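Enquirer: Protein chains in written order, with the working numbering: chain Z, 18 to 300; chain B, 18 to 300; chain A, 18 to 300; chain R, 18 to 300. Ideal Cβ positions, reconstructed from N, Cα and C, are used throughout, including at glycine. In this text, all values refer to a predicted model and were calculated from it rather than measured experimentally.
There are 4 protein chains.
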Amino acid sequence: MNCAILLISCPDQKGITASVANFVFQSNGNIVHADQHIDEQANTFFMRIEWTLTDFSLSREEIARAFSPIAEKFGMKWDLFFTDKSLKIAIFVSRHLHCLHDLLYRQRAGHIVCDMPLIISNHPDARGMAREFGIDFHEIPILRENKEEQERRQLEILEAKGIDLIVLARYHQILTKQFVDVFADKIINIHHSFLPAFAGRNPYSQAYQKGVKIIGATSHYVTEALDEGPIIEQDTVRISHRDALSDLVRKGEDLEKIVLSRAVRLYVQRKILRYGNKTVIFD
Amino acid sequence: MNCAILLISCPDQKGITASVANFVFQSNGNIVHADQHIDEQANTFFMRIEWTLTDFSLSREEIARAFSPIAEKFGMKWDLFFTDKSLKIAIFVSRHLHCLHDLLYRQRAGHIVCDMPLIISNHPDARGMAREFGIDFHEIPILRENKEEQERRQLEILEAKGIDLIVLARYHQILTKQFVDVFADKIINIHHSFLPAFAGRNPYSQAYQKGVKIIGATSHYVTEALDEGPIIEQDTVRISHRDALSDLVRKGEDLEKIVLSRAVRLYVQRKILRYGNKTVIFD
Amino acid sequence: MNCAILLISCPDQKGITASVANFVFQSNGNIVHADQHIDEQANTFFMRIEWTLTDFSLSREEIARAFSPIAEKFGMKWDLFFTDKSLKIAIFVSRHLHCLHDLLYRQRAGHIVCDMPLIISNHPDARGMAREFGIDFHEIPILRENKEEQERRQLEILEAKGIDLIVLARYHQILTKQFVDVFADKIINIHHSFLPAFAGRNPYSQAYQKGVKIIGATSHYVTEALDEGPIIEQDTVRISHRDALSDLVRKGEDLEKIVLSRAVRLYVQRKILRYGNKTVIFD
Amino acid sequence: MNCAILLISCPDQKGITASVANFVFQSNGNIVHADQHIDEQANTFFMRIEWTLTDFSLSREEIARAFSPIAEKFGMKWDLFFTDKSLKIAIFVSRHLHCLHDLLYRQRAGHIVCDMPLIISNHPDARGMAREFGIDFHEIPILRENKEEQERRQLEILEAKGIDLIVLARYHQILTKQFVDVFADKIINIHHSFLPAFAGRNPYSQAYQKGVKIIGATSHYVTEALDEGPIIEQDTVRISHRDALSDLVRKGEDLEKIVLSRAVRLYVQRKILRYGNKTVIFD
Numbered sequence: 018m019n020c021a022i023l024l025i026s027c028p029d030q031k032g033i034t035a036s037v038a039n040f041v042f043q044s045n046g047n048i049v050h051a052d053q054h055i056d057e058q059a060n061t062f063f064m065r066i067e068w069t070l071t072d073f074s075l076s077r078e079e080i081a082r083a084f085s086p087i088a089e090k091f092g093m094k095w096d097l098f099f100t101d102k103s104l105k106i107a108i109f110v111s112r113h114l115h116c117l118h119d120l121l122y123r124q125r126a127g128h129i130v131c132d133m134p135l136i137i138s139n140h141p142d143a144r145g146m147a148r149e150f151g152i153d154f155h156e157i158p159i160l161r162e163n164k165e166e167q168e169r170r171q172l173e174i175l176e177a178k179g180i181d182l183i184v185l186a187r188y189h190q191i192l193t194k195q196f197v198d199v200f201a202d203k204i205i206n207i208h209h210s211f212l213p214a215f216a217g218r219n220p221y222s223q224a225y226q227k228g229v230k231i232i233g234a235t236s237h238y239v240t241e242a243l244d245e246g247p248i249i250e251q252d253t254v255r256i257s258h259r260d261a262l263s264d265l266v267r268k269g270e271d272l273e274k275i276v277l278s279r280a281v282r283l284y285v286q287r288k289i290l291r292y293g294n295k296t297v298i299f300d
Numbered sequence: 018m019n020c021a022i023l024l025i026s027c028p029d030q031k032g033i034t035a036s037v038a039n040f041v042f043q044s045n046g047n048i049v050h051a052d053q054h055i056d057e058q059a060n061t062f063f064m065r066i067e068w069t070l071t072d073f074s075l076s077r078e079e080i081a082r083a084f085s086p087i088a089e090k091f092g093m094k095w096d097l098f099f100t101d102k103s104l105k106i107a108i109f110v111s112r113h114l115h116c117l118h119d120l121l122y123r124q125r126a127g128h129i130v131c132d133m134p135l136i137i138s139n140h141p142d143a144r145g146m147a148r149e150f151g152i153d154f155h156e157i158p159i160l161r162e163n164k165e166e167q168e169r170r171q172l173e174i175l176e177a178k179g180i181d182l183i184v185l186a187r188y189h190q191i192l193t194k195q196f197v198d199v200f201a202d203k204i205i206n207i208h209h210s211f212l213p214a215f216a217g218r219n220p221y222s223q224a225y226q227k228g229v230k231i232i233g234a235t236s237h238y239v240t241e242a243l244d245e246g247p248i249i250e251q252d253t254v255r256i257s258h259r260d261a262l263s264d265l266v267r268k269g270e271d272l273e274k275i276v277l278s279r280a281v282r283l284y285v286q287r288k289i290l291r292y293g294n295k296t297v298i299f300d
Numbered sequence: 018m019n020c021a022i023l024l025i026s027c028p029d030q031k032g033i034t035a036s037v038a039n040f041v042f043q044s045n046g047n048i049v050h051a052d053q054h055i056d057e058q059a060n061t062f063f064m065r066i067e068w069t070l071t072d073f074s075l076s077r078e079e080i081a082r083a084f085s086p087i088a089e090k091f092g093m094k095w096d097l098f099f100t101d102k103s104l105k106i107a108i109f110v111s112r113h114l115h116c117l118h119d120l121l122y123r124q125r126a127g128h129i130v131c132d133m134p135l136i137i138s139n140h141p142d143a144r145g146m147a148r149e150f151g152i153d154f155h156e157i158p159i160l161r162e163n164k165e166e167q168e169r170r171q172l173e174i175l176e177a178k179g180i181d182l183i184v185l186a187r188y189h190q191i192l193t194k195q196f197v198d199v200f201a202d203k204i205i206n207i208h209h210s211f212l213p214a215f216a217g218r219n220p221y222s223q224a225y226q227k228g229v230k231i232i233g234a235t236s237h238y239v240t241e242a243l244d245e246g247p248i249i250e251q252d253t254v255r256i257s258h259r260d261a262l263s264d265l266v267r268k269g270e271d272l273e274k275i276v277l278s279r280a281v282r283l284y285v286q287r288k289i290l291r292y293g294n295k296t297v298i299f300d
Numbered sequence: 018m019n020c021a022i023l024l025i026s027c028p029d030q031k032g033i034t035a036s037v038a039n040f041v042f043q044s045n046g047n048i049v050h051a052d053q054h055i056d057e058q059a060n061t062f063f064m065r066i067e068w069t070l071t072d073f074s075l076s077r078e079e080i081a082r083a084f085s086p087i088a089e090k091f092g093m094k095w096d097l098f099f100t101d102k103s104l105k106i107a108i109f110v111s112r113h114l115h116c117l118h119d120l121l122y123r124q125r126a127g128h129i130v131c132d133m134p135l136i137i138s139n140h141p142d143a144r145g146m147a148r149e150f151g152i153d154f155h156e157i158p159i160l161r162e163n164k165e166e167q168e169r170r171q172l173e174i175l176e177a178k179g180i181d182l183i184v185l186a187r188y189h190q191i192l193t194k195q196f197v198d199v200f201a202d203k204i205i206n207i208h209h210s211f212l213p214a215f216a217g218r219n220p221y222s223q224a225y226q227k228g229v230k231i232i233g234a235t236s237h238y239v240t241e242a243l244d245e246g247p248i249i250e251q252d253t254v255r256i257s258h259r260d261a262l263s264d265l266v267r268k269g270e271d272l273e274k275i276v277l278s279r280a281v282r283l284y285v286q287r288k289i290l291r292y293g294n295k296t297v298i299f300d
C-alpha cells in the first residue's frame with residue numbers, strides 16, 4: 018500500500034490540523050497515521066501525516082505544488098516522502114562489526130525496509146561481511162594528512178550510489194564540517210554510552226573507571242560537534258561490580274545494536290523530526 | 018487554561034480527521050493535543066482531541082449539540098469532557114494501605130488533578146489515614162451473606178458524593194455484576210501480578226512458588242470476570258533467587274503504586290479509550 | 018587460566034563453607050569465585066566455588082575422590098567441572114532462525130565459550146546457515162507417527178557427537194518423556210512469552226489478543242510438562258496499542274535472542290543450580 | 018535472629034575464605050550469608066559474611082579480638098557489625114520533601130530497619146512532616162557567611178543524637194570538607210540525574226534542554242567533590258518529546274525515591290563496601 022508522508026513544523030497557530038487534514042481529504046486520501054505535537058516553550062507545532070495514494074486524486078508531482086499555499090500560509094518547514102521510494106543507506110564502520118552485521122540482518126529480515134548498497138570503512142575488516150551479503154565495499158583509510166581528500170572520495174562514491182542516509186555503525190573517525198554539511202540531517206551515529214555522559218573516546222572504559230551501575234547507548238544525528246547532535250534514541254542496561262570491562266563491552270554491544278537499529282528504523286519510516294538540538298519521535 | 022476533550026471511536030473511513038479538526042477550527046478553537054489510531058484488524062478509528070475554550074465561539078452546552086451531526090455521519094461513539102470539571106474519585110481499600118497512601122500523596126502534590134473525597138473499606142485499618150488527609154471514611158464489612166446489601170449501601174454513598182471513578186487500591190473483594198454494571202468503565206483495579214499470569218489470590222506467593230525471575234503489576238478496568246478486564250498499564254521488576262516472598266511483596270509494592278497511579282492519571286486526563294477487551298492509551 | 022568448579026547443594030548446617038574452602042586451600046587452590054545461597058523455606062544450602070588449577074596439588078582425577086568424604090558428611094549433591102573442557106552444544110531449530118543465528122554469532126565472537134558442532138531441525142530452512150558457519154546439519158522431519166523413531170535417530174547423532182547440552186532455539190516440537198529423560202537437566206528452551214502467561218502455541222498472538230502492555234521471553238529447562246520447567250532467565254519489553262502483531266513478533270525477537278543467549282552463557286559457565294522447579298543463578 | 022556481619026577487603030591471596038569461614042565455624046557460628054568478590058584489576062579481595070550469634074561461643078566483645086590475628090595476617094581492612102544494633106539516621110532536606118516522606122514511610126513499614134530520630138533542614142518546610150512522624154526537627158538556615166558556624170551546630174546535634182548515617186534527601190547545600198571528614202563514608206546523597214551526566218544544579222532542566230530520551234537518578238557517597246562520590250545505586254526511566262520539564266520532575270521523583278531508599282536499605286544492611294571511587298554491592 019503506497020503512501021505519502023508529510024513532516025511539518027511551524028509556529029503554533031489555529032487551523033493547522035484542519036487545513037492539513039482537509040488537504041488530504043479533499044483529494045480523496047485515506048489517513049493511515051496522523052500525530053502532532055506542540056512544544057509550548059518554543060511555541061512550535063509539529064505534525065506527521067501519512068495517507069494512502071490509492072484513489073488519491075493528485076499525482077505525486079501535483080502534491081507538493083498543491084500543498085505549497087498551505088505551507089506558505091502557516092510558515093511551515095515541510096518534507097514530502099513516498100513510502101515506495103526505498104531509502105538508500107550507506108553504512109560506515111571501522112573494526113567493530115556487530116552493529117553493521119545487525120543492520121544487515123534486520124534489513125534482510127524485512128524489519129528495516131530500505132536498501133543498503135554500500136559499506137565504507139577505514140579498515141579492511143568488514144570486507145568479508147560485505148561480500149557475504151553481496152554489498153559494495155570500499156576501504157578508505159583515513160590519516161590526518163589525507164582526511165579531506167579521502168572524504169572527497171567518499172562523497173563521490175556516495176553520490177554515485179545515490180545515498181540518502183549515512184549510518185555510522187561504530188565508525189571511529191570524526192567527520193569534517195564540510196562533509197557533515199553535505200549530508201546535513203542525514204547522518205546517524207551510535208555512541209556507546211548514555212550521552213551526554215562519557216562522550217568521546219573509550220566510553221566503556223570511562224564508565225568502568227567511574228563505577229556506574231548502569232550503562233547506556235545513544236543514537237543521534239551527527240553534527241559538527243562530536244557526540245553533541247540531537248538524540249534520537251537511548252537505552253540502558255544494569256551492570257554490577259562483578260562486571261569487568263569486557264562484560265561492559267559485551268553487554269553494551271546488545272544495547273548498541275538495539276538502539277541503532279531502532280533509530281535507523283524510525284528514520285526510514287520518516288518518524289523523526291529534528292528541531293534545534295532535539296527530536297520529535299512520532300511512534 | 019480550560020479545555021474541551023473529545024474521545025471518539027468509529028469505523029475507519031475517509032474524512033474523519035478533517036471533519037473533527039474543522040469542527041474545532043470553525044468555532045475558533047486552538048488544538049492543544051490531537052492523536053489518533055487505527056486498529057486495522059478491527060477497522061476501527063480512535064481519536065482524542067483537546068482544544069482551549071478561550072475564544073471558542075460555542076458555549077459548553079452548544080458543543081455537544083453542534084458535534085452530533087458529525088458523530089452521526091461517521092457512526093461515532095464519543096464522549097465530551099471539560100478539563101475544569103474535576104473528577105471525583107472514591108478509593109476502595111482493604112488492609113494494605115500503600116496504594117491508598119500513594120494516591121492521596123500524589124493528589125496532594127498536584128500530580129493527579131482530581132478530588133478524592135471518599136474512602137470505603139471492608140476493614141477499619143484506613144480510618145487513621147483518612148482522618149489524617151481529612152477524607153470521608155466508611156467501613157463496610159463484607160460477608161458472603163450480606164454482600165448485596167452492603168454493596169447497596171456503598172452505591173448510596175457513592176451516589177451521594179457524586180463519584181465519577183472508583184479505584185480499587187488493593188480492595189480484596191470481588192464486586193458483583195450488579196455493582197460493576199452501575200459503574201461500567203468507571204472502576205480501575207490494581208492487581209499485583211503481571212496479568213494474565215497469577216490472576217486470583219496471592220499472586221506474590223504464586224510467583225514465588227513458580228520461581229519467576231521478574232514480577233509485575235497490572236492496572237485494569239474491572240469487569241464481571243475477575244482480573245480479566247482491559248489492561249491499562251503494566252510494569253515489571255527483576256527479582257532473583259535471593260528474594261524471599263517478603264522481598265517480592267516489598268519490591269512489588271513500589272510497582273503497584275507506580276502502575277496504579279499512572280492508570281489513574283491517564284483516566285483523569287481522559288487519555289484512555291476502551292474498546293472490547295483492550296485499551297488505546299493516548300499518551 | 019584453567020579452573021575447577023564445584024556446584025553443591027545440601028541440607029543447610031554449620032561448617033559447610035569452612036569445609037569446602039579448606040578443601041580448596043589445603044591443596045593450594047586459589048579461589049576466583051565463591052558464592053552461596055540458603056533457601057530458608059527449603060532449609061537448603063547452595064554453593065558455587067571456582068578455583069585455579071595452577072599449583073593445585075591434586076590432579077583432576079584425585080579431586081573428586083578427595084572431595085567425596087566432605088560431600089558424604091554433609092549429604093551433598095554435587096558436580097565437578099573443569100573450565101578447559103569445552104561444552105558441546107547441539108541446537109534444535111524449526112523455521113525461525115534468529116535465535117540460532119544469534120547463538121552462532123555469539124559463540125564466534127567469544128561471548129559464549131563452547132563448541133556448537135551440531136544443528137538438528139524438522140525443516141530444511143537452517144541448512145544454509147549451518148553451511149555458512151561450517152556446522153553439521155541434520156534435517157529430521159517429525160510426524161505424529163514417526164516421532165519416537167526420529168527421536169531415536171536424534172539420540173544416536175547426539176551421542177555420536179558427544180553432546181552435553183541441547184538448546185531448543187525455537188524448535189516447535191514437543192519432546193517425549195523418553196527423550197527428555199536421556200538429557201535430564203541438559204535441555205534449555207526459549208519460550209516467546211513471559212511464562213507462565215501464554216504457554217503453548219502462538220504466544221505473541223495470545224498476547225496481542227489479550228491486550229497486554231508488556232511482552233516477555235523466558236528461557237527454562239525442558240521437562241516433561243510443556244513450558245513448565247524451571248525458569249533460568251526472563252526479560253520484558255514495553256508495547257503499546259500501536260503495535261500490530263507483527264511488531265510484537267519483531268520486538269519479541271530481540272528479547273528471545275538476549276534471554277536465550279544469557280541462559281546458555283550461564284549454563285556454559287556452570288552458574289545455574291536447579292532445585293525442584295526453581296533455579297539458583299550464581300551471577 | 019541476631020547476627021554478626023564482617024565486611025572485609027584486602028589484597029587477594031590464597032586462604033582468605035577458608036580462614037574466615039573457619040573462624041566462624043570454630044566458634045559454632047551458622048553462616049546465613051556469605052559473598053565475595055575479587056577485583057582482578059586492583060588485585061583486591063572483598064567479602065561480606067554474616068552469621069547467627071545464637072550458640073556462638075564468643076561474646077560480642079571477644080569477636081573483634083579473636084578476629085584480629087586473621088585480619089593482620091592478610092592485611093585486611095575490616096568492620097564488624099551486629100544486626101540488633103539499630104542504625105541511627107539523620108535526614109537532611111531542603112524544600113522538596115518527597116524523598117524524606119518516602120524514607121519515613123518505608124522505615125515505618127519495616128522495609129528499612131533503623132531509627133530515624135532527626136531531620137535537619139535549611140528551610141522550615143519539613144517541620145509539619147517531622148511533627149506528624151514525631152521526629153526531632155532543626156531548622157538551620159545556611160548563608161555563605163555562616164555556613165561553618167551552622168555546620169558546627171549541626172555536628173553538635175548529630176553527636177548528641179549519636180547519628181551513624183546522614184542521608185541527604187534533596188538537601189541543596191554543599192557540605193564543607195571539614196563536615197564531610199567528620200562523617201567520612203557516612204553521608205549518602207540522592208542526585209536527580211544519571212551521573213556523571215548533569216551534575217550540579219537543575220539536572221532536570223539540563224536534561225530537558227539536552228533532549229535526552231531517558232532520565233535517571235543516582236545515590237552516592239558524599240565526598241568533597243560535588244556529585245563525584247562513589248555510586249551506590251542508579252536507575253532510569255524513559256521520557257519522550259511529549260514530556261515537559263514538569264513531567265521530568267514528576268517522573269524523576271519516583272526514581273529518586275526508589276533509588277535513594279534502595280541505597281539506604283543497602284547501607285543499613287551493611288551490604289555496601291566502598292573502595293576508591295567505587296562500591297561493591299553485596300546483594
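Within 8 Å of any Cβ in chain R, is that where the Cβ of VAL297(Z) sits?
Expert: VAL297(Z) counts as touching chain R.
Enquirer: Shortest alpha-carbon distance to LYS230(Z) belongs to which of ARG287(R), GLY233(R), VAL229(R)?
Expert: Comparing Cα positions, the closest option is GLY233(R).
Enquirer: Just to confirm before moving on: does the CB-CB distance between SER36(B) and ILE80(B) stay below 8 Å?
Expert: Cβ distance not < 8 Å, so SER36(B) and ILE80(B) don't count as in contact.
Enquirer: Who are the Cβ neighbours of SER222(A) in its own chain at under 7 Å, not counting the five residues just before and after it?
Expert: Counting only Cβ-Cβ distances below 7 Å, and skipping sequence neighbours, we find LEU262.
Enquirer: Any idea if MET133(A) is buried or exposed, counting beta-carbon neighbours within 10 angstroms, 16 or more meaning buried?
Expert: Buried: at least 16 other Cβ atoms inside 10 Å.
Enquirer: Any beta-carbon of chain R closer than 8 Å to the one on PRO28(Z)?
Expert: It does not; no Cβ of chain R falls within 8 Å.
Enquirer: Do the stretch 271-282 of chain B and the stretch 119-127 of chain B meet, that is, are 3 or more Cβ pairs less than 8 Å apart?
Expert: Contact holds: three or more Cβ-Cβ distances are below 8 Å.
Enquirer: In chain order, what residues of the stretch 137-157 of chain R put their CB closer than 7 Å to some CB of chain B?
Expert: Those would be none; no residue qualifies.
Enquirer: Relative to the C-alpha of GLN43(B), which candidate in TRP68(B), ASP252(B), ASP56(B) has its C-alpha closest?
Expert: With distances taken between Cα atoms, GLN43(B) lies closest to TRP68(B).
Enquirer: What is the DSSP secondary structure of GLY233(A), counted as helix, strand or coil?
Expert: If DSSP states are grouped into helix, strand and coil, GLY233(A) belongs with the strands.
Enquirer: Out of curiosity, what's the CA-to-CA distance linking ASN219(R) and LEU135(Z)?
Expert: One C-alpha to the other measures close to 44 Å.
Enquirer: At a CB distance below 7 Å, what residues from the stretch 157-169 of chain R approach chain B? Give them in sequence order.
Expert: Residues: none.
Enquirer: Taking the alpha helix (DSSP H) that LEU120(B) belongs to, which residues open and close that run?
Expert: Where LEU120(B) is concerned, the enclosing alpha helix (DSSP H) stretches over 115-125.
Enquirer: Contact criterion: CB-CB distance below 8 Å. Does ALA38(Z) meet it with respect to chain B?
Expert: Yes - at least one Cβ of chain B is within 8 Å of the one on ALA38(Z).
Enquirer: Name the residues in the stretch 261-287 of chain A whose C-beta lies less than 7 Å from a C-beta of chain Z; which are they?
Expert: Result list: ARG267, ASP271, ILE275.
Enquirer: Between PHE211(Z) and chain R, is the shortest Cβ-Cβ distance under 8 Å, so that the two count as touching?
Expert: Answer yes: the Cβ-Cβ gap between PHE211(Z) and chain R drops below 8 Å somewhere.
Enquirer: Comparing the C-beta of HIS128(A) with each C-beta of chain Z, is any distance below 8 Å?
Expert: Yes, HIS128(A) lies at the interface with chain Z (some Cβ there is under 8 Å from its Cβ).
Enquirer: Taking CB distances under 8 Å as the criterion, tell me whether ASP101(R) reaches chain D.
Expert: The structure shown contains no chain D; the protein chains it does contain are Z, B, A and R.
Enquirer: Does the separation of the CB atoms of LYS94(Z) and CYS27(Z) fall below 8 Å?
Expert: Yes.
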